[in-house]
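If you read the sequence shown in the numbering used here, its first letter stands for residue 29, the second for the next number, and so on.
Since the structure comes first, as structure tokens, the remarks are kept for the end.
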Amino acid sequence: SYDQAAADIHLKLADIYLRRQDFSRAVSEAAKAVANDPGLVEAHLLLGKASYAAGDVPRAVQELEKAIALEPGDEEGYLTLGQLYFNEDRRKDAAAVFERATKACPGEWLLWFKLGLLYCSEERVEEALPPLQRAAELGPEIFDTHYKLAQVCDLLERREEAIDEYQKALKIYPLKIEVYALLGNLYRETGELDKAEGRFKLLVDLMPQDVRGYLALAQIYLMEDKMEEAVELLQNAIEAGLESSPLHFYLGLAYTSMKQYDRAIEAYTRALELGAEGATVQFHIGSALERAGRMDEAVAAFTKSIEINPDYAEAYNYLGYMYAEKGIRLEEAERLISRAIALDPENGAYIDSLGWLYFKKGNYDEALKALQRAAKIIGDDPVIRDHLGDTYYRKKMWREALEEWNSSIKLDPGNAAVKKKIDELQGRLVLDRARTPLAGDTTTAKGK
Numbered sequence: 029s030y031d032q033a034a035a036d037i038h039l040k041l042a043d044i045y046l047r048r049q050d051f052s053r054a055v056s057e058a059a060k061a062v063a064n065d066p067g068l069v070e071a072h073l074l075l076g077k078a079s080y081a082a083g084d085v086p087r088a089v090q091e092l093e094k095a096i097a098l099e100p101g102d103e104e105g106y107l108t109l110g111q112l113y114f115n116e117d118r119r120k121d122a123a124a125v126f127e128r129a130t131k132a133c134p135g136e137w138l139l140w141f142k143l144g145l146l147y148c149s150e151e152r153v154e155e156a157l158p159p160l161q162r163a164a165e166l167g168p169e170i171f172d173t174h175y176k177l178a179q180v181c182d183l184l185e186r187r188e189e190a191i192d193e194y195q196k197a198l199k200i201y202p203l204k205i206e207v208y209a210l211l212g213n214l215y216r217e218t219g220e221l222d223k224a225e226g227r228f229k230l231l232v233d234l235m236p237q238d239v240r241g242y243l244a245l246a247q248i249y250l251m252e253d254k255m256e257e258a259v260e261l262l263q264n265a266i267e268a269g270l271e272s273s274p275l276h277f278y279l280g281l282a283y284t285s286m287k288q289y290d291r292a293i294e295a296y297t298r299a300l301e302l303g304a305e306g307a308t309v310q311f312h313i314g315s316a317l318e319r320a321g322r323m324d325e326a327v328a329a330f331t332k333s334i335e336i337n338p339d340y341a342e343a344y345n346y347l348g349y350m351y352a353e354k355g356i357r358l359e360e361a362e363r364l365i366s367r368a369i370a371l372d373p374e375n376g377a378y379i380d381s382l383g384w385l386y387f388k389k390g391n392y393d394e395a396l397k398a399l400q401r402a403a404k405i406i407g408d409d410p411v412i413r414d415h416l417g418d419t420y421y422r423k424k425m426w427r428e429a430l431e432e433w434n435s436s437i438k439l440d441p442g443n444a445a446v447k448k449k450i451d452e453l454q455g456r457l458v459l460d461r462a463r464t465p466l467a468g469d470t471t472t473a474k475g476k
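Spelled out as structure tokens, the structure:
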């Protein structure tokens with residue numbers, strides 16, 4: 029006969045010893061509890077835990093399996109055994125335990141959640157989705173179920189679902205700051221910039237001493253062309269003592285867009301002083317200097333950028349295109365642009381630069397080939413269409429020139445220079461038609 033009372037006493041003693049980390053005594057007392065009542069699930073569970081703590085993995089597995097066999101509808105045995113296998117880096121065994129568990133206890137959210145986490149740890153992200161979805165259904169009030177499901181949806185590029193799950197998570201735990209950032213990033217990726225702006229504003233309000241919120245919101249302002257708001261935000265952050273190189277770099281971008289080039293250069297220079305990546309910042313300094321008409325200084329900045337990063341394709345292209353646009357140092361321009369294309373062969377902007385260089389050199393056939401290829405890669409772009417129009421014009425292909433310029437003006441209606449070229453060519457064609465006698469007309473200018 030079994031002694032239930034004795035089993036309970038040994039079980040309590042085993043629990044005390046386990047908490048005190050006296051594992052050998054914990055094992056001894058748990059074993060006595062099992063001996064007094066072999067059907068006591070709690071005794072097998074505790075003996076399994078104590079055996080594992082004592083380093084006896086086989087006995088731990090054996091006892092936990094006995095606990096599961098005695099009570100297959102109890103989640104604790106599965107959870108403990110699954111965690112044991114996970115700790116021992118036996119992921120397949122752990123997965124098998126949790127798969128059994130979800131069949132035996134289909135209504136327990138934690139088992140589904142653990143199974144999803146296990147799949148995630150093995151980078152089986154697609155397989156993780158169904159169990160995490162089930163966990164969220166069974167535990168709708170649990171923050172972690174929605175949070176982890178949102179992360180998996182995001183990884184699988186199921187962005188709308190990810191947004192929905194993050195929103196559910198925030199309703200449960202509104203002060204979980206990182207969720208605002210994750211939601212904002214998702215809204216940015218889906219093009220919902222107004223919603224992204226709202227989330228990042230909340231992030232700034234909730235954590236005014238965390239520079240990341242300011243940077244995220246500033247990036248949205250830059251994307252929305254809200255340059256004055258970006259400048260105000262970034263200056264507020266700097267005045268609050270959050271000075272950092274990214275803040276000054278973004279400030280430089282905003283000032284550049286506002287055509288305040290001297291302030292932009294000052295901001296970029298401060299970013300360099302604070303440790304910003306040199307090649308990128310020198311490139312943007314060069315761009316601001318070029319737009320300000322300070323060509324020699326711009327050349328020096330682009331050259332410095334290339335010295336820091338000899339594989340900086342964008343710097344080679346910008347400097348080469350700048351020379352081509354000015355019609356100077358064309359051989360060097362060709363070398364620079366060719367280097368950019370060698371680094372990034374399918375970049376349509378670089379191929380456009382090469383086409384424009386050929387145009388400046390008077391090689392219109394080669395220019396046309398390059399520009400047509402650039403247009404094929406990029407698609408509709410007002411600059412490339414303008415360049416194509418200029419090339420067709422030089423080749424006296426009037427209809428094609430008009431078509432390209434009209435395409436350019438549709439893409440950039442504010443370009444007065446292109447509009448002027450269209451008007452002049454149309455006027456010229458009208459005049460030429462007026463000078464050409466109609467068929468069958470025997471009158472001529474001379475006859476008059």
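For every residue, glycine included, the Cβ atom is placed at its ideal position computed from N, Cα and C.
Under the three-state DSSP convention, the category residue i falls into
i      : result
Ser149 : helix
Ile170 : coil
Cys181 : helix
Gly468 : Unreliable positioning characterises Gly468 in this predicted model, as indicated by a pLDDT of 42, which lies under 50. The coordinate reading is nonetheless provided below. Gly468: coil per DSSP, three-state reduction.
Arg456 : helix
Tyr249 : helix
Arg118 : coil
Met350 : helix
Arg319 : helix
Pro159 : helix
Gly442 : coil
N-terminal and C-terminal residue of the alpha helix (DSSP H) that residue i is part of
i      : result
Ser273 : Ser273 to Ser285
Gly219 : Gly219 -> no alpha helix (DSSP H), and no H or E assigned at all.
Asn115 : Glu103 to Asn115
Ile356 : Looking at the DSSP string, Ile356 is not in any alpha helix (DSSP H), and its letter there is neither H nor E.
Leu198 : Arg187 to Ile200
Asn337 : Per DSSP, Asn337 belongs to no alpha helix (DSSP H) and is neither H nor E.
Leu430 : Trp426 to Leu439
Met480 : In the structure as shown, the chain begins at 29 and stops at 476. Residue 480 is therefore absent and cannot be evaluated.
Tyr30  : Element bounds for Tyr30: n/a, residue is neither H nor E.
Pro86  : Val85 to Leu98
Glu294 : Tyr289 to Glu301
Asn64  : Phe51 to Asn64
Inter-residue Cα distance where the pair is residue i and residue j
i      : j      : result
Leu139 : Gln310 : 54 angstroms
Ile313 : Leu183 : 36 angstroms
Arg422 : Gly407 : 23 angstroms
Glu252 : Ala343 : 26 angstroms
Glu57  : Leu39  : 7 angstroms
Ala398 : Leu453 : 24 angstroms
Ala157 : Ala190 : Residue identity differs from the one stated: residue 157 is Leu in this sequence, not Ala. Roughly 11 angstroms between the two C-alpha positions.
Ala341 : Ile356 : 20 angstroms
Glu165 : Val207 : 20 angstroms
Tyr242 : His415 : 40 angstroms
Glu127 : Leu143 : 7 angstroms
Ile96  : Glu154 : 29 angstroms
Gln237 : Leu270 : 7 angstroms
Ala467 : Val458 : In this predicted model, Ala467 has a pLDDT of only 44, less than 50, meaning its place in the structure is not dependable enough to derive any value.
Lys474 : Arg363 : Residue confidence for Lys474 is low, a pLDDT of 31 falling below 50, so the modelled location carries little weight; the figure read from the coordinates is stated next. Each residue's Cα considered, the two are about 55 angstroms apart.
Val239 : Lys176 : 25 angstroms
Gly110 : Lys196 : 28 angstroms
Leu145 : Lys204 : 20 angstroms
Thr470 : Ala462 : Caution applies to Thr470, whose pLDDT of 38 falls short of 50 and renders its modelled position unreliable; the value that the coordinates give is listed next. Computed Cα separation, rounded: 15 angstroms.
Lys131 : Ala377 : 57 angstroms
Ser333 : Ala403 : 28 angstroms
Residue i burial status per 10 Å Cβ neighbour count (16 or more: buried)
i      : result
Pro159 : buried
Ser52  : exposed
Thr472 : Annotation note: pLDDT 35 at Thr472 (below 50); position unreliable, no value reported.
Ala33  : exposed
Asp460 : exposed
Arg487 : This structure leaves residue 487 out entirely; the chain is present only between 29 and 476.
Gly485 : The requested residue 485 is not part of the displayed model; the chain covers only 29 to 476.
Lys94  : buried
Tyr113 : buried
beta-carbon residue i near the ligand SAM non-hydrogen atom, thresh 7 angstroms
i      : result
Tyr113 : Summarising the ligand content, the structure contains no ligands, and the ligand SAM is consequently not present.
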